[in-house]
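Down below is the structure, laid out as structure tokens.
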Amino acid sequence: LERQLQESVGKDSETLGKLAQLQELRTEQEKKMIGLEHELLSVNLKVEHANMELPRLRTRVNELQAYTNVLKPASTGRTTPAAPATGKSVVELERVINAMKRVIEKLQKENAQIRSQMESVTKENQPAASGAPQTRSTRNSRT
């Protein structure tokens, strides 16, 4: 009897250990399930929000397309008030102005270079004219 009692107690402790393990496994699975339910609710909320937003965005796109269609013909025939006779757009006139500015800057640089060259040439010729002997060209020009 005692032996049977000890065996049954031993079996009960094994069963209790297995039962505890199963309960831990169950709580872990419930935690995972709660996390997945939370994720599912979050995704469902995002889908619902997107479904509500979609018609509004489609309407907005249609409005903007209609607006651009209205503006396209007006922008193609548009001229500047300052130069209506030329028939050029503001963008074309701005391009011409920028090109002219570049040309002016280039010419100014060339002028500065020519002036500096002229100054260096005049500086070289000044000492020769004052006390240097006359060259053949200067003698021939005086005679």
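Residue numbers (the working numbering): 1055 to 1197. Glycine residues also receive a C-beta, built at the ideal position from the N, C-alpha and C atoms.
In the three-state scheme derived from DSSP, where H, G and I count as helix and E and B as strand, S1067 is classed as helix. In the three-state scheme derived from DSSP, where H, G and I count as helix and E and B as strand, S1143 is classed as coil. P1109 and M1087 have their C-alpha atoms roughly 34 Å apart.
Rounded to the nearest angstrom, the gap between the Cα atoms of Q1075 and T1069 is 10 Å.
E1078 has its alpha-carbon roughly 42 Å from the corresponding atom of M1106.
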